[in-house]
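Chains as they are written, first to last, in the working numbering: chain A, 1040 to 1189; chain B, 533 to 655.
Next up, the structure:
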């Protein structure tokens, strides 16, 4: 095939990667949306089966966490995450993966300082700062509540 | 049937929307995924405190509760209930009580997975 530089440039441009941001966002939107819809389906299923709503609110994320843990163990989670980007990171699946993945990978370092410690390498800060934020809000809420504002 | 479809579309749009915001942060800034998770949980607490998140939960159900901002929502709601029940001490107990299920499930699953599965050598 004979190509002059200009035609080649055109050809190369047409085959170059399209703006990855757009594709990344589409994948994240799609996978994230699907995960939330699965959660919603599980939520409604549990309600339909007669589970009290207080428990459904706990058991729905617990089920998603368990599913994400299974997929992580089987090695499928990473493959989906590679495609989904933030789509698997932001739902509670990302939190589950952040716990389970290091737990499996650090087995060789032992169950105390390996599995037990390293499972919190990312989840730890999430829990720490989330809890601190909730303590601050709790104190503020106490005064607002007692002041009759809330 | 039409209502069900609209419900799920809202769940999809809101849940997917949270993911797109995080994806944009990853693509355009140097924020690491770990920082995104931390920011999302803290943002969830703040959005609940200012009263924005509750309507979003009512609107989109699991579309708002499944992203990690929903974890922050559970922390904030837990603390509110505990403060109402037992006063200022509730500020210390409510958050983790509200999220105990998810955290304990993650720990238990992590431990079981470590027993059952073998890690891959890092590439």
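All residues carry an ideal CB built from backbone N, CA and C; glycine is no exception.
Here the structure is a predicted model, which means the values were calculated and not measured.
Nonlocal neighbours in the same chain, by C-beta distance under 6 Å from residue i, ignoring five residues either side
i                       : result
residue 610 of chain B  : 626, 627, 629, 630
residue 1141 of chain A : 1157, 1158, 1160
Neighbour-count burial assignment, residue i, 16 or more Cβ in a 10 Å radius
i                       : result
residue 535 of chain B  : exposed
residue 1144 of chain A : buried
residue 1121 of chain A : exposed
residue 1185 of chain A : exposed
7 Å Cβ shell around residue i - same chain, five flanking residues per side excluded
i                       : result
residue 655 of chain B  : Reliability of the predicted coordinates at residue 655 of chain B is poor, the pLDDT of 46 falling under 50, and no value is obtained from them.
residue 1108 of chain A : 1135, 1139
residue 1099 of chain A : 1078, 1081, 1082, 1085
residue 563 of chain B  : 557
residue 1063 of chain A : 1124
Spatial neighbours of residue i in its chain, beta-carbon cut-off 8 Å, leaving aside the 5 residues before and after
i                       : result
residue 1130 of chain A : 1071, 1074, 1075, 1078, 1103
residue 1174 of chain A : none
For residue i, the nearest candidate out of the options (CA to CA)
i                       : options                        : result
residue 1182 of chain A : B:564, B:616, B:598, B:634     : B:616
residue 633 of chain B  : A:1049, A:1093, A:1176         : A:1093
residue 541 of chain B  : B:567, B:596, B:621            : B:596
residue 572 of chain B  : A:1179, A:1178, A:1164, A:1177 : A:1164
residue 1097 of chain A : B:638, B:538, B:650, B:539     : B:638
residue 582 of chain B  : B:624, B:608, B:594            : B:608
residue 569 of chain B  : B:620, B:601, B:624, B:635     : B:601
Whole-angstrom C-beta distance between residue j and residue i, which should lie under 8 Å
i                       : j                       : result
residue 604 of chain B  : residue 574 of chain B  : 6 Å
residue 1128 of chain A : residue 565 of chain B  : 5 Å
residue 646 of chain B  : residue 1146 of chain A : 5 Å
residue 1069 of chain A : residue 1126 of chain A : 7 Å
residue 1176 of chain A : residue 577 of chain B  : 6 Å
Worksheet item: Does the pairing of the stretch 546-557 of chain B with the stretch 639-654 of chain B give three or more beta-carbon distances under 8 Å?
Response: With a cut-off of 8 Å on Cβ pairs, the stretch 546-557 of chain B is not in contact with the stretch 639-654 of chain B, counting fewer than three such pairs.
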